[in-house]
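Down below is the structure, laid out as structure tokens.
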Amino acid sequence: MTAQIIDGKALAREIEARARKRSEELAQLPGGRRPGLAVVLVGEDPASCVYVRNKTRACERAGVSSREYRLPADTNQEALLKLIGELNADPTVDGILVQLPLPGQIRASAVIEAIDPGKDVDGFHMLSAGALLVGRRDEGFRPCTPAGVMKMLESVGVNPEGLEAVVVGRSNIVGKPQALMLLEDHATVTVAHSRTPNLAEITRRADILVAAAGRARMITGDMVKPGAVVIDVGMNRDEEGKLCGDVDEKSVSEVARALSPVPGGVGPMTIAMLISNTVLAAERHLG
Ligand code: GUN
905 MTAQIIDGKA LAREIEARAR KRSEELAQLP GGRRPGLAVV LVGEDPASCV YVRNKTRACE
965 RAGVSSREYR LPADTNQEAL LKLIGELNAD PTVDGILVQL PLPGQIRASA VIEAIDPGKD
1025 VDGFHMLSAG ALLVGRRDEG FRPCTPAGVM KMLESVGVNP EGLEAVVVGR SNIVGKPQAL
1085 MLLEDHATVT VAHSRTPNLA EITRRADILV AAAGRARMIT GDMVKPGAVV IDVGMNRDEE
1145 GKLCGDVDEK SVSEVARALS PVPGGVGPMT IAMLISNTVL AAERHLG
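According to the working numbering, the sequence shown is numbered sequentially starting from 905.
Shown next as structure tokens:
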């Protein structure tokens, strides 16, 4: 078997095109305006700079007005919280995104909880996390990466109901919300992580395998059930400095039915879902 490659970039462009249509409609409403996103970057982490640039470009494609706030790496927590307060109070800002990771002197949780939950387009606030946990779609925002993964599954005709899903990774931004979303769609979900013994035994049960552990090419073909759908959330550099995912594409593509590539898979989808969340925030603010 040779796996179908799931084109995250093409799917992301479709989602952005729909968002653009909605942005234009919102701008036409009496008292309406285009959705607005504020992106905050502290320091100059090279990967974060690339992400922020890609987010800004996606906003342009989708008719979302974006503003970037670049703060020096030695910014203290108080100054960042002050900026968040100003953005919370600004009625033209629908969504606030603070790029992670933050420098060591700033507590990320303090910053995330300071964001107005109505502007939490990353879906990292406790209110968004709680809304996902209890299945309230009318409150909070779904975190972008796992929400994008659900769209990718849908795009290859996978309905999780009754399937075995294995999520490798338990972070607050991917693993945990991913498990909840798959559970909400009636999959039987297992969460594995760095301290799981016999990982291969567990991953081999998966009809849906989501790799989000952050270890280069750790999922190899022998760990995958024939015909499984494999989504690679990893974004790593190998020993040669080459960008790669958590999945060993070569061996896994011989076993899986469908596989998302790195780059061009989950990355663009995360950004497309951020745009969707920003449009949703604007709809709530204008509605
Ligand atoms: N750093 C890595 N992924 C993300 C993300 O989805 N949002 C933010 N704000 N920072 C990140």
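Glycine residues also receive a C-beta, built at the ideal position from the N, C-alpha and C atoms.
Worksheet item: Helix or strand or just coil, what does DSSP make of Leu1067?
Response: As a position in the sequence shown, residue 1067 is number 163, starting the count at 1. In this structure, Leu1067 counts as coil in the three-state DSSP scheme.
Worksheet entry | Distance cut-off 8 Å: Cys963 Cβ against heavy atoms of the ligand GUN | One-based indexing of the sequence shown puts residue 963 at position 59. Cys963 Cβ: outside cutoff for every heavy atom of the ligand GUN.
Discussion item. Classify Leu1113: buried if its beta carbon has 16 or more other beta carbons within 10 angstroms, exposed otherwise.
Written reply: Counted from its first residue, the sequence shown places residue 1113 at position 209. Per the 10 Å Cβ criterion, buried.
Item to complete: On a CA-only basis, which of Val944, Arg1046 and Arg1161 is nearest Pro1130? Give me that one, please.
Response: As a working note, residue 1130 is residue 226 in the sequence shown. Of the listed residues, the one whose Cα sits closest to Pro1130 is Arg1161.
Worksheet entry | DSSP-derived helix/strand/coil call for Val1015 | Translated into the one-based positions of the sequence shown, residue 1015 becomes position 111. Looking at Val1015 - three-state DSSP - the assignment turns out to be helix.
Worksheet item: Would you say Val1002 touches the ligand GUN, meaning its beta carbon is less than 8 Å from a heavy atom?
Response: For the purposes of this step, residue 1002 is taken as residue 98 along the sequence shown, with counting starting at 1. Yes, Cβ of Val1002 sits closer than 8 Å to a heavy atom of the ligand GUN.
Item to complete: Kindly list the residues whose CB is nearer than 8 Å to the CB of Thr1124, restricted to its own chain and excluding five residues on each side of it in sequence; keep chain order.
Response: Working through the sequence shown from its first residue, we reach residue 1124 at position 220. Residues Asp1152, Ser1155 and Val1156 of the same chain have their beta carbon placed closer than 8 Å to that of Thr1124, with the five preceding and five following residues left out of the count.
Worksheet item: Hey, how far is the Cα of Glu920 from the Cα of Ile1010?
Response: As a position in the sequence shown, residue 920 is number 16, starting the count at 1. As a position in the sequence shown, residue 1010 is number 106, starting the count at 1. Between Glu920 and Ile1010, the alpha-carbon positions lie close to 33 Å from each other.
Worksheet item: So, is the C-beta of Asn1076 closer than 9 Å to a C-beta in chain B?
Response: In the structure shown, chain B cannot be found, because there is only a single protein chain.
Practice prompt. Using the DSSP secondary-structure output, state which residues sit across from Asp1136 in a beta bridge.
Written response: Along the sequence shown, read from residue 1 onward, the residue named residue 1136 stands at position 232. Asp1136 is bridged to Ala1115.
Worksheet item: Out of Glu1088, Leu1103, Thr1107 and Arg965, which has the shortest C-alpha to C-alpha gap to Arg1040?
Response: Indexing the sequence shown from 1 puts residue 1040 at position 136. Distances from the alpha-carbon of Arg1040 to those of Glu1088, Leu1103, Thr1107 and Arg965 put Glu1088 closest.
Item to complete: Quick one: give me the first and last residue of the beta strand (DSSP E) that Leu1194 is part of.
Response: Nothing about residue 1194 can be reported from this structure: the residues present for the chain run from 905 to 1191 only.
Fill in: Same chain only: Cβ atoms within 7 Å of Asn958, ignoring 5 sequence neighbours per side
By 1-based counting over the sequence shown, the position of residue 958 is 54. When the five nearest sequence neighbours on each side are left out, the beta carbons in the same chain lying within less than 7 Å of the beta carbon of Asn958 are those of Ile1175, in order along the chain.
Worksheet item: Between the Cα of Glu1017 and the Cα atoms of Val956, Arg1188 and Val1002, which residue gives the shortest distance?
Response: Residue mapping note: residue 1017 aligns to position 113 of the sequence shown, counting from 1. Of the candidates Val956, Arg1188 and Val1002, the one whose C-alpha sits nearest the C-alpha of Glu1017 is Val1002.
Practice prompt. Less than 8 Å between the CB atoms is what I'm expecting for Ser969 and Arg938, so what's the real figure, rounded?
Written response: Indexing the sequence shown from 1 puts residue 969 at position 65. Indexing the sequence shown from 1 puts residue 938 at position 34. 5 Å between Cβ atoms; contact.
Worksheet item: Would the beta-carbon of Ser952 be found less than 8 Å away from any heavy atom of the ligand GUN?
Response: The residue given as residue 952 occupies position 48 in the sequence shown. Flag set: Cβ of Ser952 near the ligand GUN.
Worksheet item: If you follow the alpha helix (DSSP H) that Gly999 is part of, which residue opens it and which one closes it?
Response: Here the question's residue 999 lines up with position 95 in the sequence shown. Going by DSSP, Gly999 is part of no alpha helix (DSSP H) but of the beta strand (DSSP E) stretching over Gly999 to Val1002.
Worksheet item: When the Cα atoms are used, what is the spatial distance from Arg964 to Gly940?
Response: Residue 964 sits at position 60 when you count from the first residue of the sequence shown. Residue 940 sits at position 36 when you count from the first residue of the sequence shown. The displayed chain sequence assigns Glu, not Arg, to residue 964. Using only the alpha carbons, I get a separation of about 11 Å.
Discussion item. Please identify the residue among Ala951, Pro1007 and Ser952 whose C-alpha is closest to the C-alpha of Ala977.
Written reply: In the sequence shown, residue 977 corresponds to position 73, counting from 1. Considering only Ala951, Pro1007 and Ser952, the residue with the shortest C-alpha distance to Ala977 is Pro1007.
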